[in-house]
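Residue numbers (the numbering used here), protein chains in the order written: chain A, 1 to 336; chain B, 1 to 336; chain C, 1 to 336; chain D, 1 to 336; chain E, 1 to 336; chain F, 1 to 336.
Where a beta carbon is used, it is the ideal one built from N, C-alpha and C, also for glycine.
There are 6 protein chains.
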Amino acid sequence: MSGEHDLPPSPIFATVDFERDGAQHGFLRLPYSRDDSAWGSVLTPITVVKNGDGPTALLTGGNHGDEYEGPIALFDLARSLAPDAVTGRVIIVPALNYPAFRAGTRTSPIDRGNLNRSFPGSPTGTPTQKIADYVTRVLLPKAHYVLDFHSGGKTLDFLPFAAAHILDDKAQEAACFAAVEAFGAPYSVKMLEIDAVGMFDTTAEERGKVFVTTELGGGGSATARSVGIARRGIDGFLKHAGILSDPAEIRPTRWLDMPGADCFTFSEIDGLFEPLVDLGDSVTKGQKIARAWPVDRTGVEPFEFWAKMDGVLAARHFPGLVKAGDCVSVIGVLED
Amino acid sequence: MSGEHDLPPSPIFATVDFERDGAQHGFLRLPYSRDDSAWGSVLTPITVVKNGDGPTALLTGGNHGDEYEGPIALFDLARSLAPDAVTGRVIIVPALNYPAFRAGTRTSPIDRGNLNRSFPGSPTGTPTQKIADYVTRVLLPKAHYVLDFHSGGKTLDFLPFAAAHILDDKAQEAACFAAVEAFGAPYSVKMLEIDAVGMFDTTAEERGKVFVTTELGGGGSATARSVGIARRGIDGFLKHAGILSDPAEIRPTRWLDMPGADCFTFSEIDGLFEPLVDLGDSVTKGQKIARAWPVDRTGVEPFEFWAKMDGVLAARHFPGLVKAGDCVSVIGVLED
Amino acid sequence: MSGEHDLPPSPIFATVDFERDGAQHGFLRLPYSRDDSAWGSVLTPITVVKNGDGPTALLTGGNHGDEYEGPIALFDLARSLAPDAVTGRVIIVPALNYPAFRAGTRTSPIDRGNLNRSFPGSPTGTPTQKIADYVTRVLLPKAHYVLDFHSGGKTLDFLPFAAAHILDDKAQEAACFAAVEAFGAPYSVKMLEIDAVGMFDTTAEERGKVFVTTELGGGGSATARSVGIARRGIDGFLKHAGILSDPAEIRPTRWLDMPGADCFTFSEIDGLFEPLVDLGDSVTKGQKIARAWPVDRTGVEPFEFWAKMDGVLAARHFPGLVKAGDCVSVIGVLED
Amino acid sequence: MSGEHDLPPSPIFATVDFERDGAQHGFLRLPYSRDDSAWGSVLTPITVVKNGDGPTALLTGGNHGDEYEGPIALFDLARSLAPDAVTGRVIIVPALNYPAFRAGTRTSPIDRGNLNRSFPGSPTGTPTQKIADYVTRVLLPKAHYVLDFHSGGKTLDFLPFAAAHILDDKAQEAACFAAVEAFGAPYSVKMLEIDAVGMFDTTAEERGKVFVTTELGGGGSATARSVGIARRGIDGFLKHAGILSDPAEIRPTRWLDMPGADCFTFSEIDGLFEPLVDLGDSVTKGQKIARAWPVDRTGVEPFEFWAKMDGVLAARHFPGLVKAGDCVSVIGVLED
Amino acid sequence: MSGEHDLPPSPIFATVDFERDGAQHGFLRLPYSRDDSAWGSVLTPITVVKNGDGPTALLTGGNHGDEYEGPIALFDLARSLAPDAVTGRVIIVPALNYPAFRAGTRTSPIDRGNLNRSFPGSPTGTPTQKIADYVTRVLLPKAHYVLDFHSGGKTLDFLPFAAAHILDDKAQEAACFAAVEAFGAPYSVKMLEIDAVGMFDTTAEERGKVFVTTELGGGGSATARSVGIARRGIDGFLKHAGILSDPAEIRPTRWLDMPGADCFTFSEIDGLFEPLVDLGDSVTKGQKIARAWPVDRTGVEPFEFWAKMDGVLAARHFPGLVKAGDCVSVIGVLED
Amino acid sequence: MSGEHDLPPSPIFATVDFERDGAQHGFLRLPYSRDDSAWGSVLTPITVVKNGDGPTALLTGGNHGDEYEGPIALFDLARSLAPDAVTGRVIIVPALNYPAFRAGTRTSPIDRGNLNRSFPGSPTGTPTQKIADYVTRVLLPKAHYVLDFHSGGKTLDFLPFAAAHILDDKAQEAACFAAVEAFGAPYSVKMLEIDAVGMFDTTAEERGKVFVTTELGGGGSATARSVGIARRGIDGFLKHAGILSDPAEIRPTRWLDMPGADCFTFSEIDGLFEPLVDLGDSVTKGQKIARAWPVDRTGVEPFEFWAKMDGVLAARHFPGLVKAGDCVSVIGVLED
């Protein structure tokens with residue numbers, strides 16, 4: 001974090017006034033000169049709802065552009081959240097990597113940037129890095145609570161869960177887990193991040209924020225049920241933060257653990273993917289959980305994937321075809 | 001159908017002998033000269049399992065390249081079906097529009113051909129038309145029973161059903177519906193085809209075949225459950241045909257009707273798609289069933305879709321983004 | 001035209017009722033199944049404004065997708081034309097090759113179809129051919145007057161003119177030229193079509209319609225001035241047709257002739273295009289009118305283009321680079 | 001061939017006068033309207049060298065756009081052939097499918113047309129079909145002798161040979177074989193065409209021409225040696241035709257036979273291609289001639305290809321990677 | 001600028017000798033290894049005309065690849081400038097970002113580099129950065145006067161002007177403005193650069209050069225008139241520098257001011273762009289100056305753009321379609 | 001090399017244990033999140049064959065993805081090398097830039113990285129830079145002998161040679177040249193690297209390894225002969241290193257010198273490439289060695305290339321078309 005204050009200012013300009021009471025709908029304007037617009041820009045929609053003093057929550061969707069529960073719930077919230085229902089401030093960016101969101105792709109079509117690997121970002125880098133930098137240096141300092149929505153995207157599918165990270169600062173960690181519980185997803189996860197380089201999560205946590213993330217489904221789609229989880233989660237999160245006034249309704253959640261490398265199975269071949277268990281199904285160590293069929297001929301044996309531990313199927317490869325190197329399944333362990 | 005016999009022979013060559021007893025795994029070789037292979041060809045895997053006299057079933061998957069229950073079940077069957085379990089012949093083509101299947105796309109990347117709109121095909125046309133022609137003039141004449149697998153593909157999702165068409169020849173129609181019942185999907189549909197131009201279905205039915213089609217899921221993925229439906233359906237279909245010897249286990253099915261244009265809802269805008277009901281949910285006329293959110297700004301109202309009739313949600317748009325012109329939902333009516 | 005009545009019906013469905021009085025805004029829905037929408041369609045906006053009995057005018061823009069005066073004037077007209085100002089009917093399709101218009105390209109990105117070379121079209125062909133067929137068999141039979149807007153598009157620039165063709169039926173021809181005069185563009189042209197294959201113009205003229213076309217500018221842009229010409233032209237055309245009631249204001253026009261092959265100059269090299277005269281400038285036979293500079297080195301002579309006749313520069317190549325085979329200039333002769 | 005005279009005229013315009021004595025360099029101009037040139041055209045270079053009465057030879061290269069011996073020798077001939085050296089006429093088109101030649105691809109980048117499968121062509125079809133039609137209806141009627149250059153292109157490599165077809169008309173066949181002998185390539189082939197649909201060869205032969213084709217190398221390259229074969233072959237061919245006056249120098253050739261389907265070996269897998277014999281090497285039936293290595297892992301056995309007959313390796317797959325369906329080798333038999 | 005001397009030498013090699021008297025035409029050779037040329041390079045044409053001692057002018061076009069007045073005038077100058085007309089040296093690079101110029105795009109197709117945001121560049125970076133570095137470290141040190149041509153490119157159109165920047169060093173600033181006046185464009189601008197990061201302008205000015213830039217039109221095209229402005233501007237500039245000997249003819253210019261953010265209007269929607277005023281037209285604050293029409297349906301209101309100040313329309317969006325974020329207009333204020 | 005130890009660990013994980021005796025086939029797994037696989041990875045095949053103590057040889061192919069002798073010989077070796085034939089360890093990576101190898105391209109389709117210009121690499125950079133970093137920091141420290149296979153790729157063709165660099169450390173240099181001699185290619189080269197930035201060679205040499213590289217052919221293909229050279233070269237190299245036990249068979253080699261810039265000829269035009277001498281042919285200074293024909297018209301002179309020195313043709317441009325800036329030929333001098 002050293003040196004951050006020596007950076008040039010962000011090139012992104014907000015058309016909303018973060019300090020003004022009321023509900024404002026505007027844009028984050030990022031100049032982006034390119035072949036089809038010499039003086040063009042990227043306009044990322046943003047809503048600020050503020051009412052007097054109080055905590056600020058930053059709610060973001062579309063960090064990856066093909067994950068939909070967050071954007072749906074946040075476009076809805078942005079339209080409907082009345083200032084007088086709020087104590088403090090809610091900053092809503094439903095589609096944070098906006099070019100990726102418009103393209104329906106995980107990464108940005110402009111620069112192939114994976115936003116969640118681009119933090120803390122740079123004001124002089126690619127457009128994706130400029131977005132990360134703006135979040136880091138402009139939005140995060142205003143926020144006390146941060147909720148960043150994820151789902152599996154087009155290539156993964158998840159049991160719906162909210163999550164926070166195991167942190168060195170145990171008081172912060174406890175605050176984060178309490179916010180996860182308030183979110184009230186069907187499942188909740190305490191994550192030990194192995195590879196935190198470039199993540200929004202890490203950047204927010206290092207700055208002491210109460211940070212909650214989610215995985216609410218996947219496949220590049222959303223269902224009425226999964227959107228409902230997102231919507232109720234926002235409600236619980238904002239009530240927990242004291243920004244919405246009613247006490248949060250308690251919704252039960254099951255804590256799910258992903259204890260280590262044995263949770264994950266990767267494919268070593270290209271083929272036709274056949275799941276043998278579905279999300280939420282129990283599996284036992286040694287159980288065959290999926291197969292990959294060679295597609296260049298008939299009459300040959302499939303490649304088989306076995307569970308390396310007991311648990312439930314918590315995530316899986318989504319597309320019908322699988323490539324060598326793809327993650328095919330994640331097994332989680334339910335806490336008692 | 002007139003003039004069919006004046007056509008030049010198909011350029012496709014089968015490396016299997018359809019008249020030989022036993023199990024053979026081979027290819028349909030379609031010469032395809034192109035920039036990256038002057039004397040190249042498309043090799044579509046095919047399996048023939050034959051045992052003495054008896055009826056022939058033609059089983060096809062991958063008519064559209066992004067629909068997976070059929071290919072999974074058929075690659076599995078091709079590997080495991082023992083000749084001595086068969087009376088007659090089973091011809092298995094797990095991935096009929098093979099270039100589309102390899103690309104994971106509905107249509108062929110070679111010629112953008114939609115195989116199920118290319119029948120009866122042509123021996124001198126595009127590769128997709130040559131495949132259709134080969135099916136029409138070589139495979140169909142050998143078959144008595146035809147089972148062609150479909151699912152929703154990457155852009156639609158369906159309640160799982162098998163189906164046959166309402167036909168002028170009521171005896172043929174009854175034979176087809178009996179085969180649908182033997183397939184034993186959770187749902188079964190009697191379809192009145194409005195626009196039959198170019199379909200495999202029509203081509204097979206005009207030639208008097210017992211023809212069954214399916215829609216077993218969608219989203220460009222498959223689940224353990226949906227693959228199970230396909231696998232059990234093949235078993236029931238082949239037993240019904242007398243090709244497998246055990247009597248088919250009776251699995252209950254619910255007949256689902258799609259009585260007219262009011263079943264279908266189309267979007268008139270581009271936006272972020274929010275389903276308000278899920279597949280199988282009951283809906284009543286006038287109920288709001290989905291919304292599409294403008295994505296270029298926050299703070300605006302969504303476009304809303306209402307049910308035009310009572311029923312259950314039988315199919316829906318799958319991707320998180322919707323485009324003007326897309327079908328967003330299909331409502332079906334359950335028979336008592 | 002023989003055999004036209006044996007064709008299957010158009011797959012295009014109009015959401016407007018052409019026979020209903022009042023102003024209706026709707027779509028021509030063309031089913032278009034594709035990889036990113038299995039049950040998708042193309043929705044081409046259409047407006048019908050009808051008031052009692054009287055003639056019907058069909059007004060179309062976007063026949064080529066990168067020509068803008070027509071679409072601007074017609075979107076404006078569609079929004080503002082009040083039914084009670086009309087006697088008869090006005091059918092407005094501002095962007096006829098809608099996929100091309102959305103892409104900003106001359107031809108359709110779907111099938112690379114040049115709509116104005118796809119007439120009379122086919123109900124079973126490509127999407128572009130289906131649009132042409134719908135115009136031919138559904139819209140044209142309703143129309144007495146047809147005005148189809150063109151400009152130069154991204155690669156040509158024109159002096160603004162309206163035009164009609166020299167026809168065998170001299171009464172029809174006179175009616176067309178009278179309508180051109182009523183349009184009142186700065187220039188007017190009597191065209192002798194050499195190669196009429198596939199044109200909307202020919203299809204409409206063969207069916208006896210009063211047909212006017214235009215070239216109102218180019219470069220893939222429009223100006224306040226060029227849009228004004230289109231807007232005033234529509235007004236004059238509809239008043240001439242008796243559909244709008246006020247008498248048309250008389251605007252002077254200059255008749256411009258393009259008498260033969262010597263009008264046209266084509267490049268035989270690739271290079272950097274340097275115009276030596278601008279649109280409307282007088283040129284004399286033998287005058288140097290443009291140059292093309294080789295771009296792979298400095299110090300070499302440019303390729304030079306000379307006027308093959310006296311006249312004014314009526315059209316020119318627009319982009320800064322020119323390719324061998326491009327039309328670089330068209331010279332017209334002003335009538336006295 | 002019936003109905004040919006009912007076709008509309010070719011849209012292609014030649015800037016050379018085929019009946020004028022002397023050497024002319026010009027273009028075949030094919031109008032080609034497209035997004036990047038509304039009134040653009042394809043300009044295919046052509047040279048006509050004529051001197052009084054006598055036979056006409058039509059010499060063509062670039063039928064496939066990635067085969068280079070013909071174009072090199074013909075651009076050189078076009079520049080250097082003096083009219084007074086000629087008796088009769090030589091028509092030279094060094095790059096017949098000009099868009100393919102410019103792109104360095106077998107087929108046309110404009111329409112993916114394989115020119116040698118597009119004959120006799122159509123004046124209203126794709127650009128490639130229009131070129132074929134122009135050759136069929138304009139150039140071929142002027143010619144007595146036709147020499148069409150081929151090589152293996154980017155994906156095949158050949159022993160250098162000239163060839164003619166076995167024909168029903170034995171006098172024509174003998175004339176063709178005599179011309180092959182006059183060409184004097186290191187190898188000469190008598191071809192029995194199985195699948196003659198769409199070929200220039202067939203179209204020319206059906207019209208009674210003395211037609212010679214070649215395969216002079218491949219890999220999308222040329223060598224000093226292979227260009228020399230082409231250059232000397234043209235010389236021999238034109239002297240044989242009586243168009244050049246000196247008697248042709250006799251160069252020995254070896255006749256090579258490709259007697260049937262056993263000559264050809266196709267790959268059934270994708271992999272890394274390892275040739276075990278080189279062009280011209282002798283092989284015996286059962287000899288391992290090539291291997292294909294799976295590339296997704298080490299430690300597995302390669303797929304092996306065996307000679308199905310005795311002979312010499314006459315052609316082979318060129319690129320380092322091979323795809324299922326590719327032709328990997330052709331074995332020829334040397335005549336005694 | 002610190003550390004500049006520690007950099008490795010530029011990989012670019014000039015085939016001209018900058019110190020030799022006379023006119024030389026050559027290349028800047030930049031090694032560029034890539035898939036289609038392992039040992040390839042980019043050859044940017046350059047001309048040096050030198051005659052004894054005297055000042056050096058560096059004249060550059062094609063900094064952006066779709067701006068044409070500069071390249072046309074400079075290819076012409078390179079061919080025609082006689083050494084004996086010169087006192088000192090003129091270095092001419094008509095197409096500085098040569099890959100972009102060949103592609104006709106603002107940025108480089110190789111690396112998507114915007115050259116005018118890549119200064120001072122890097123000898124180990126992308127090809128675009130290597131070009132910038134060569135200019136900075138090799139060409140600029142030789143130059144006293146620098147003239148870098150710009151126009152609006154394919155997406156903007158400008159009133160023709162030359163310009164220099166408001167600088168801290170008022171003597172340098174005065175020298176620059178004097179050179180602008182000598183250029184003698186119809187309009188002249190004193191620019192206060194807000195965001196100077198990466199510009200050629202800044203790099204040259206920091207090194208004390210007399211630097212003039214231009215905007216001479218746009219739309220990706222040029223006219224006889226706009227090329228004439230460029231040609232006369234070069235003449236005036238070189239005479240002002242004392243490199244050409246005749247005194248410069250005085251051409252009147254009007255000084256145009258762009259005083260602040262209110263000059264610029266950006267679109268917040270995608271749509272069909274309708275200009276309501278043209279370049280050079282006077283506008284008053286609050287005047288409607290353009291509209292953007294939604295294109296997905298008829299019958300809706302357009303989005304309207306108003307002038308935020310009095311002035312003249314100095315620049316505008318060019319393409320017929322506009323995207324959210326695009327600059328739609330720039331208003332300038334004429335000095336008395 | 002300073003600071004290397006401060007870098008984060010490589011993200012690449014090897015599934016083989018480099019310290020275990022025996023033959024292991026596994027993967028280098030490089031996490032690579034992307035649109036089509038959120039949790040995907042690149043799996044580069046690797047084989048380790050170890051037997052007790054002794055030196056380690058690192059054998060790599062596919063540094064550039066379109067060069068095939070190395071990969072063929074190394075996939076073969078990986079499958080067949082028995083542990084008990086080895087003293088020490090052999091690490092085999094047949095396709096080091098695996099994404100490039102799968103695509104058949106020089107550079108990586110993922111990031112366009114040229115691996116041999118990406119050393120020493122970075123653990124946080126592009127996938128290509130991560131591969132380079134893994135080689136530098138994980139594989140190289142284990143190795144004493146390094147053999148990195150190259151050929152000309154799709155765009156160059158070479159006389160077959162092995163080579164090492166002239167080094168400051170003459171003992172190391174002598175060790176390298178001895179290993180080149182042991183490789184026993186038909187030709188051997190002592191290279192003076194002018195531009196060593198980013199090369200594997202330099203990185204290995206700086207770390208004191210015995211490093212041998214090759215150029216064994218080209219054109220994006222391999223022959224039985226050129227693969228034989230690679231196979232025998234490995235054998236000689238490993239015997240020389242003492243890893244294989246039999247003494248190396250002595251194969252004669254000819255030393256070839258490339259003494260300076262006059263060896264290399266570059267094209268200044270685009271055109272059709274005609275070689276006038278073939279690889280291995282003797283040339284004399286001033287001899288015409290190749291031509292490039294303009295392809296936009298017939299009847300013009302070709303551009304000619306002359307030898308700037310005496311020698312033999314050691315390398316040449318391969319594709320039939322040449323572009324300005326391409327290297328067209330390299331002349332070498334045979335040592336006596």
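Inset, instruction - Count the other CB atoms, across all protein chains shown, that sit within 10 Å of the CB of residue 197 of chain D; report buried if there are 16 or more and exposed otherwise. - result: exposed
Inset, instruction - Could you name the residues that DSSP lists as bridge partners for residue 289 of chain F? - result: Answer by DSSP bridge pairing: none, since residue 289 of chain F is not bridged.
Inset, instruction - Starting from residue 301 of chain B, find everything on chain A with Cβ-Cβ shorter than 9 Å and list it in chain order. - result: 79
Legend entry - Proximity below 9 Å, CB of residue 265 of chain E to CB of residue 308 of chain E: yes
Legend entry - Spatial neighbours of residue 295 of chain A in its chain, beta-carbon cut-off 7 Å, leaving aside the 5 residues before and after: Annotation for residue 295 of chain A: 271 and 272 place their beta carbon closer than 7 Å to its own, counting only its chain and skipping 5 residues before and after.
Inset, instruction - Determine the chain A residues that contact residue 264 of chain F at a beta-carbon separation under 9 Å, and present them in chain order. - result: Ordered by position in chain A, no residue passes the 9 Å Cβ test against residue 264 of chain F, which lies about 34 Å from the chain.
Inset, instruction - Determine, using beta-carbon pairs with one atom in the segment 234 to 250 of chain D and one in the segment 173 to 191 of chain D, whether at least three such pairs fall under 8 Å. - result: The segment 234 to 250 of chain D and the segment 173 to 191 of chain D touch, with no fewer than 3 CB-CB distances between them shorter than 8 Å.
Legend entry - Closer than 9 Å to chain D by CB, residue 197 of chain C: yes
Inset, instruction - From the DSSP output, read off the bridge partner residues of residue 306 of chain C. - result: C/288
Inset, instruction - In the DSSP assignment, find the alpha helix (DSSP H) that holds residue 181 of chain E and state where it starts and stops. - result: 170 to 183
Legend entry - Coil, strand or helix - residue 61 of chain C by DSSP: coil
Inset, instruction - Use the C-beta contact count for residue 316 of chain D: other C-beta atoms within 10 angstroms, 16 or more gives buried, fewer gives exposed. - result: Counting Cβ neighbours within 10 Å, residue 316 of chain D comes out buried, since at least 16 surround it.
Inset, instruction - Please go through the same chain and pick out, in chain order, the residues whose beta-carbon is closer than 6 Å to the beta-carbon of residue 47 of chain D, but skip the five residues on each side of it. - result: 25, 78 and 92
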